[in-house]
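Everything below concerns the one structure shown next.
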Amino acid sequence: MATAAEPIVSPSKTRVGWIGTGVMGRFMCAHIINAGYSLTVFNRTLAKAQPLVDLGAHLANSPLAVASQSDVVFTIVGYPSDVRSVLLDPTSGALAGLRSGGVLVDMTTSEPSLAIEIATAAAAKGCASIDAPVSGGDRGAKNATLAIFAGGDETVVQRLNPLFALLGKVNYMGSPGRGQFAKLANQITIASTMVGLVEGMVYAHKAGLDVGLFLNAISTGAAGSKSLDLHGPRILKRDFEPGFYVHHFVKDLGICLKECQNLGLALPGLALAQQLYLSLKAHGEGNLGTQAVILALERLNNVTLEAASAPAT
98 MATAAEPIVS
108 PSKTRVGWIG
118 TGVMGRFMCA
128 HIINAGYSLT
138 VFNRTLAKAQ
148 PLVDLGAHLA
158 NSPLAVASQS
168 DVVFTIVGYP
178 SDVRSVLLDP
188 TSGALAGLRS
198 GGVLVDMTTS
208 EPSLAIEIAT
218 AAAAKGCASI
228 DAPVSGGDRG
238 AKNATLAIFA
248 GGDETVVQRL
258 NPLFALLGKV
268 NYMGSPGRGQ
278 FAKLANQITI
288 ASTMVGLVEG
298 MVYAHKAGLD
308 VGLFLNAIST
318 GAAGSKSLDL
328 HGPRILKRDF
338 EPGFYVHHFV
348 KDLGICLKEC
358 QNLGLALPGL
368 ALAQQLYLSL
378 KAHGEGNLGT
388 QAVILALERL
398 NNVTLEAASA
408 PAT
């Protein structure tokens, strides 16, 4: 049973704050507004928050201002340095404005050690913090089918389930930082999957196959994957709009490699994928979507998939 300090989460009783209304955050916020919750938002680029204000969200001028008007504050920003700034800055951060009993929910892919630091700081103020990074990209955010990896107090995660359920499926992974570790393992899995997908496409193209027919043929077999379903068609259309930015993926894979060093792990597939994505950044392609890794493979092999090759004989 919920206590006075732990009210039942509902639109009539729970004020929600949101920091970061970019590619994914804008869709996630819309689900919360549409469910009837009062939502206060902050984004460094005000224009990115305007569509949500048009839907009924309140606009705040700082993370602290968001938290002072909220019971639960979600964040989904770019880098660990951004997480630290918007949550822990003593003069403008959300924790400084959060009342006792409030909850921070960081959905940014960030460092496990920072998640533990935030949880410790929140607890010292009588608040709670959940690290809850997500997987599913812009489509998952739009369709409310995100996989959410939660670390922290399990009772708090359960209490927030009405909000998590508006965004996707929450998976409790353990103590503070465990949500981040799970997301990093998720990114490691995706990284090598993406390299395998584009290598298969380049090979099929070079062999003279119709790459669209090839993708359709393998999609229902053992090579089928969500990465193939989501990114294969985008690559064929030369659609490199970001569902997830290359430069954010490079950040994620860098955190993974740092944690591998801490754990004494050798993951050569992860290291290879990180190098290919770094090459995209070197070519000024950091603002493209992760499916743009095809460009790195095309450059390595001096081919372009959109240029039809002669059938193999």
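Note that the working numbering has the sequence shown beginning at 98, numbered continuously upward.
Where a beta carbon is used, it is the ideal one built from N, C-alpha and C, also for glycine.
Check, Outcome
"Endpoints, alpha helix (DSSP H) assigned at A144", "L143 to L152"
"G119 beta carbon less than 8 Å from that of K145", "yes"
"Under the three-state DSSP convention, the category S289 falls into", "helix"
"Identified DSSP bridge partners for Y269", "A247"
"Own chain partners of G133 with C-beta closer than 6 Å, once the 5 adjacent residues on each side are dropped", "P108"
"Cβ neighbours of F124 in the same chain (closer than 6 Å, five flanking residues each side left out)", "A238 and K239"
"Integer Cβ distance of Q166 from A157, believed to fall under 8 Å", "7 Å"
"Coarse secondary structure for R196, derived from DSSP in three states", "coil"
"Any C-beta of chain D under 8 Å from that of L211", "Absent from the structure: chain D. Only one protein chain is present."
"Where the beta strand (DSSP E) containing D228 begins and where it ends", "A225 to D228"
"Contiguous alpha helix (DSSP H) assignments of at least 4 residues, all confined to the region 351–381", "365–379"
"In DSSP terms, what L394 is bridged to", "Paired residues: none, contrary to the question."
"Contact check, V202 vs V180, beta carbons under 8 Å", "no"
"Three-state secondary structure (DSSP) of G276", "helix"
"Chain-order list of residues whose beta-carbon lies under 8 Å from that of V138 (same chain, five-residue window excluded)", "G114, W115, I116, T118, C126, A146, L149, V150, A154, H155, L156, A157 and V163"
"Nearest-angstrom Cβ-Cβ length linking Q371 and L350, presumed shorter than 8 Å", "4 Å"
"Which of helix, strand or coil DSSP assigns to A157", "coil"
"Own chain partners of L211 with C-beta closer than 7 Å, once the 5 adjacent residues on each side are dropped", "P177, V180 and R181"
"Cβ pair count under 8 Å reaching 3, the region 285–298 against the region 268–277", "no"
"Span of the beta strand (DSSP E) around T137", "S135 to F139"
"Span of the beta strand (DSSP E) around F261", "Unbroken run through F261 is the alpha helix (DSSP H), N258 to F261; no beta strand (DSSP E)."
"Neighbour-count burial assignment, E356, 16 or more Cβ in a 10 Å radius", "buried"
"G114 - containing beta strand (DSSP E), residue span", "R112 to I116"
"Beta-ladder partner(s) of G386, from DSSP", "Y342"
"DSSP state of V231 mapped onto helix, strand, coil", "strand"
"Residue interval of the beta strand (DSSP E) (run including F171)", "V169 to T172"
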